[in-house]
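Residue numbers (the UniProt record's numbering): 1 to 73.
For each residue, glycine too, the CB sits at the ideal point set by N, CA and C.
Every value quoted in this text rests on a predicted model; they were computed, and no experiment measured them.
Notes to accompany the following structure.
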């Protein structure tokens, strides 16, 4: 999964991920990753249309998004 996140950051392609937040809500997000830090990922979330910070421990799965750069279709 680290490779997917790092590659997403370097390439600018969206990453589809399953994310579990602190309240226990599980969501699917498409994110354009801006930076990868030790404990957090900073990226633009197409679902929320805003920049978000995601805890790495909350990312349950991640894969390169299909198709073009942009929101899920």
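Pairwise C-alpha distance: residue 47 and residue 20: In the chain shown, residue 20 corresponds to position 20, counting from 1. In the chain shown, residue 47 corresponds to position 47, counting from 1. Their Cα atoms are separated by approximately 15 Å.
query: Between residue 50 and residue 8, what straight-line distance do the alpha-carbon atoms span, to the nearest angstrom?
result: For the purposes of this step, residue 50 is taken as the residue at position 50 of the chain shown. For the purposes of this step, residue 8 is taken as the residue at position 8 of the chain shown. Going from the Cα of residue 50 to the Cα of residue 8 covers about 17 Å.
- request: Measure the alpha-carbon distance for residue 13 versus residue 3 and round it to whole angstroms.
  value: Translated into positions along the chain shown, residue 13 becomes position 13. Translated into positions along the chain shown, residue 3 becomes position 3. Taking the straight line from one Cα to the other gives about 13 Å.
- prompt: Rounded C-beta distance between residue 15 and residue 65? I'm assuming under 8 Å.
  reply: What you label residue 15 is simply residue 15 of the chain shown in a count that begins at 1. What you label residue 65 is simply residue 65 of the chain shown in a count that begins at 1. With 8 Å as the limit, residue 15 and residue 65 qualify as a contact, their Cβ atoms being about 6 Å apart.
message: Quick check on residue 43: does DSSP put it in helix, strand or coil?
response: If you number the chain shown from 1, residue 43 lands on position 43. DSSP places residue 43 in strand when its eight states are reduced to three.
Reduced DSSP category for residue 56 - H, G, I as helix; E, B as strand; rest coil: Stepping through the chain shown from its first residue, residue 56 is reached at position 56. If DSSP states are grouped into helix, strand and coil, residue 56 belongs with the helices.
- prompt: Considering only C-alpha positions, which residue in the set 38, 30, 36, 55 is nearest to residue 45?
  reply: For the purposes of this step, residue 45 is identified with residue 45 of the chain shown, where counting begins at 1. Cα-wise, what sits closest to residue 45 is 30.
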